[in-house]
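Quick note on this note's numbering: the sequence shown kicks off at -18 and runs consecutively. Built from N, CA and C at the ideal position, the CB exists for glycine as well. No experiment lies behind these values; they were computed from the predicted model shown. Beneath this line is the structure, given in structure tokens, with notes to follow.
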Amino acid sequence: MRISVFGLGYVGCVSAACLASAGHEVVGVDVNPLKVDLVARGLAPVVEERIGELTAEAVRSGALRATADVAEAVGSTDVSLVCVGTPSAPNGSLSTAYLERVAEQIGRALAAGTPAAAETPAPEPPAAGAGRHTVVFRSTMLPGTCEDLLVPILERESGLTAGTGFGVAVNPEFLREGTSVRDFFDPPKTVIGELDRVSGDVVAALYEGLPGEVFRVPITVAEMTKYTDNAFHGLKISFANEIGAICQALGLDSHQVMDVFLADRKLNVSPAYLRPGFAFGGSCLPKDLRGLVYAARRADVSVPLLAHVLPSNDDHLRRAFELVTAAGGRRVGLFGLSFKPGTDDLRESPMVELAERLLGKGYDLRIYDANVSLSRLVGANRDYIASRLPHLGDLLSGSAGEVLAHADVCVVGCKDPDVLDALAGAGDRVIIDLVRLPDAAARRAHPGYVGLGW
Ligand SMILES: NC(=O)c1ccc[n+]([C@@H]2O[C@H](COP(=O)([O-])OP(=O)(O)OC[C@H]3O[C@@H](n4cnc5c(N)ncnc54)[C@H](O)[C@@H]3O)[C@@H](O)[C@H]2O)c1
-18 MRISVFGLGY VGCVSAACLA SAGHEVVGVD VNPLKVDLVA RGLAPVVEER
32 IGELTAEAVR SGALRATADV AEAVGSTDVS LVCVGTPSAP NGSLSTAYLE
82 RVAEQIGRAL AAGTPAAAET PAPEPPAAGA GRHTVVFRST MLPGTCEDLL
132 VPILERESGL TAGTGFGVAV NPEFLREGTS VRDFFDPPKT VIGELDRVSG
182 DVVAALYEGL PGEVFRVPIT VAEMTKYTDN AFHGLKISFA NEIGAICQAL
232 GLDSHQVMDV FLADRKLNVS PAYLRPGFAF GGSCLPKDLR GLVYAARRAD
282 VSVPLLAHVL PSNDDHLRRA FELVTAAGGR RVGLFGLSFK PGTDDLRESP
332 MVELAERLLG KGYDLRIYDA NVSLSRLVGA NRDYIASRLP HLGDLLSGSA
382 GEVLAHADVC VVGCKDPDVL DALAGAGDRV IIDLVRLPDA AARRAHPGYV
432 GLGW
């Protein structure tokens, strides 16, 4: 494939040299004449393992060249890979200035170089975008940037329509500086946010033969995945560092502690606890987080991340409460009361807290939780409910259908089969989904449905 790479910084220069060495015909473009000159002479503008040899070899073989002439680059290639910087603005927001500029330039080049016939849609989409240029954004940008900001610029400047006159995709980059060439050839995954199938096919063809799973997703999802990854990486490092600081203050070797932590691939380094949902609770997590933060404070160790976990958790409770108040109805049905599915344990259950806040505001509440109802008769919770939560015990109903019949607003905190059955008859009641119901994807389109974080 013939590829223009815009921006010869860390991402662009590595992408250009690696794509050229993989057999593509690549032209690098940069506004910085020094970088263009370096690449043209076979020299890498950045310091990275193997990048020097790869650049030299690609330029020597003619697979890679560099230019400052945007129109010439776009006109002689099938794909533009945009790798310009997206630095932080002084207020912390993302600066899109370089992206906007490059979109203008590519748009103008498309206007200059595209025959009028390209606007006419082909009866069958051409294979891998043949005959139309595809603009692929590799730079990191917030969801909405491509479709709301850059596509309109490309369309305005080119006079063409995205999806017809030219293709568009977002293809975030996951390389790490220092090992970027290795990461290019062995990526953790390839994410392709596609405006249409043909645009996505073009990107997929660029990386054909590389390992790792390929995700074809809407453009905004691709934009968000990069932020999700980097937020998690920062979170992991800060978590490990805070645990390290506490260990050091307590005279422990944090690496020995983390060896044990990391060996747990079921609950720790695993997909467990990583699906957005409702607040956590129960007899362990809140108590133990409080205990650890208290121990850190006593040892004069600052742990801002750990100290904000419980406040963050409370925020989800508050959000759920606000969703109920925003729904308007006064008759509320609560499905689920224990702190998580499959148990009757009510200790520090966020559903109990939510119920109490709603009662406090005068909502007319009915509650269904099969496990709690059962334990109320026979189990260990009997005394707990009688002594600590008699006001909630009285609102418990033995049937999900009864609670549904009472409610204008259904707050769903469990996915028990009898709850799902009852909700099938919810009609136009408001459903506030705290657990991501199995049919949440379909329900999201309905105005009465609100997901807590989806
Ligand atoms: N550096 C990384 O490890 C890394 C990893 C993944 C993603 N990213 C993302 O990739 C993007 C690029 O990062 P980088 O570190 O390579 O940036 P960089 O600052 O090293 O390089 C950006 C290049 O773009 C050039 N440029 C600016 N405007 C241009 C234009 N109109 N036409 C052509 N070239 C232009 C600049 O001169 C510069 O050489 C950013 O969005 C970044 O967040 C970076």
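Taking 8 angstroms as the cut-off, is the C-beta of residue i nearer than that to any heavy atom in ligand 1?
{"i": "ASN13", "result": "yes"}
{"i": "CYS265", "result": "no"}
{"i": "GLY432", "result": "no"}
{"i": "GLY(-7)", "result": "yes"}
{"i": "VAL172", "result": "no"}
{"i": "LEU437", "result": "There is simply no residue 437 to check, as the chain begins at -18 and stops at 435 in what is shown."}
{"i": "TYR254", "result": "no"}
{"i": "ARG82", "result": "yes"}
{"i": "LEU(-11)", "result": "yes"}
{"i": "THR121", "result": "yes"}
{"i": "CYS64", "result": "yes"}
{"i": "TYR79", "result": "yes"}
{"i": "PRO124", "result": "no"}
{"i": "VAL411", "result": "no"}
{"i": "THR67", "result": "yes"}
{"i": "GLN237", "result": "no"}
{"i": "SER180", "result": "no"}
{"i": "SER61", "result": "no"}
{"i": "SER139", "result": "no"}
{"i": "PRO153", "result": "yes"}
{"i": "LYS268", "result": "no"}
{"i": "SER161", "result": "yes"}
{"i": "VAL27", "result": "yes"}
{"i": "VAL116", "result": "no"}
{"i": "LYS16", "result": "yes"}
{"i": "VAL55", "result": "no"}
Going by beta-carbon coordinates alone, are residue i and residue j separated by less than 9 angstroms?
{"i": "ILE173", "j": "ALA185", "result": "yes"}
{"i": "LEU335", "j": "VAL384", "result": "no"}
{"i": "ARG113", "j": "GLY146", "result": "yes"}
{"i": "PRO168", "j": "GLY193", "result": "yes"}
{"i": "PHE261", "j": "LYS342", "result": "no"}
{"i": "ARG417", "j": "GLY258", "result": "yes"}
{"i": "THR277", "j": "SER283", "result": "Checking the sequence shown, residue 277 turns out to be Ala, not Thr. Yes."}
{"i": "GLU34", "j": "VAL(-5)", "result": "no"}
{"i": "LEU135", "j": "VAL149", "result": "yes"}
{"i": "ILE413", "j": "CYS395", "result": "no"}
{"i": "GLU85", "j": "ARG119", "result": "no"}
{"i": "PHE196", "j": "THR171", "result": "yes"}
{"i": "LEU404", "j": "ALA301", "result": "no"}
{"i": "LEU355", "j": "LEU346", "result": "no"}
{"i": "ALA138", "j": "ARG178", "result": "In the sequence under discussion, the amino acid at residue 138 is Glu, which differs from the Ala named in the question. No."}
The beta strand (DSSP E) with residue i in it runs from where to where?
{"i": "TYR430", "result": "430 to 432"}
{"i": "GLU6", "result": "6 to 10"}
{"i": "CYS391", "result": "390 to 393"}
{"i": "TYR188", "result": "TYR188 -> no beta strand (DSSP E), and no H or E assigned at all."}
{"i": "TYR349", "result": "345 to 349"}
{"i": "ARG46", "result": "45 to 48"}
{"i": "THR171", "result": "170 to 175"}
{"i": "PHE155", "result": "Premise fails: PHE155 is in no beta strand (DSSP E) and is neither H nor E."}
{"i": "VAL411", "result": "411 to 414"}
{"i": "VAL475", "result": "Outside the modelled stretch of the chain, which goes from -18 to 435, sits residue 475, for which no answer is possible."}
Could you pull the start and end residues of the alpha helix (DSSP H) that residue i belongs to?
{"i": "CYS(-6)", "result": "-9 to 2"}
{"i": "SER293", "result": "290 to 308"}
{"i": "LYS16", "result": "14 to 21"}
{"i": "ALA25", "result": "From DSSP, ALA25 is part of no alpha helix (DSSP H); its letter is neither H nor E."}
{"i": "GLY33", "result": "32 to 42"}
{"i": "VAL162", "result": "161 to 166"}
{"i": "LEU135", "result": "132 to 139"}
{"i": "LEU62", "result": "Per DSSP, LEU62 belongs to no alpha helix (DSSP H); it is in the beta strand (DSSP E), 60 to 63."}
Tell me, please, whether the CB atom of residue i is closer than 9 angstroms to any CB atom in chain C?
{"i": "ALA351", "result": "No chain C is present in this structure, which holds just one protein chain."}
Examine ligand 3 and report whether any of its heavy atoms sits within less than 8 angstroms of the Cβ of residue i.
{"i": "LYS217", "result": "This structure simply doesn't include ligand 3; it includes ligand 1 instead."}
Is the region 395 to 414 touching the region 362 to 373 in the sense that three or more CB pairs, one from each, lie closer than 8 angstroms? They do not touch, by the three-pair rule.
Inspect the CB distances between the region 42 to 49 and the region 3 to 17 and report whether three or more fall short of 8 angstroms. Between the region 42 to 49 and the region 3 to 17 there are three or more C-beta pairs closer than 8 angstroms, enough to call the two in contact.
Would you check if the region 283 to 291 and the region 373 to 380 touch, i.e. whether three or more CB-CB distances between them fall below 8 angstroms? With the rule of 3 Cβ pairs closer than 8 angstroms, the region 373 to 380 does not count as touching the region 283 to 291.
Within the chosen definition, does the region 77 to 86 reach the region 27 to 43 through at least 3 CB pairs nearer than 8 angstroms? Cβ pair count under 8 angstroms is below three, so no.
Is the region 54 to 67 touching the region -16 to -7, taking contact as three or more C-beta pairs under 8 angstroms? Three or more pairs of CB atoms, one per stretch, sit closer than 8 angstroms, so the region 54 to 67 contacts the region -16 to -7.
Tell me whether the region 307 to 320 and the region 239 to 251 touch, counting them as touching only if at least three CB pairs, one residue from each stretch, are closer than 8 angstroms. These segments do not touch.
Give a yes or no on contact between the region 219 to 234 and the region 196 to 210, applying the rule of three or more CB pairs nearer than 8 angstroms. They do not touch, by the three-pair rule.
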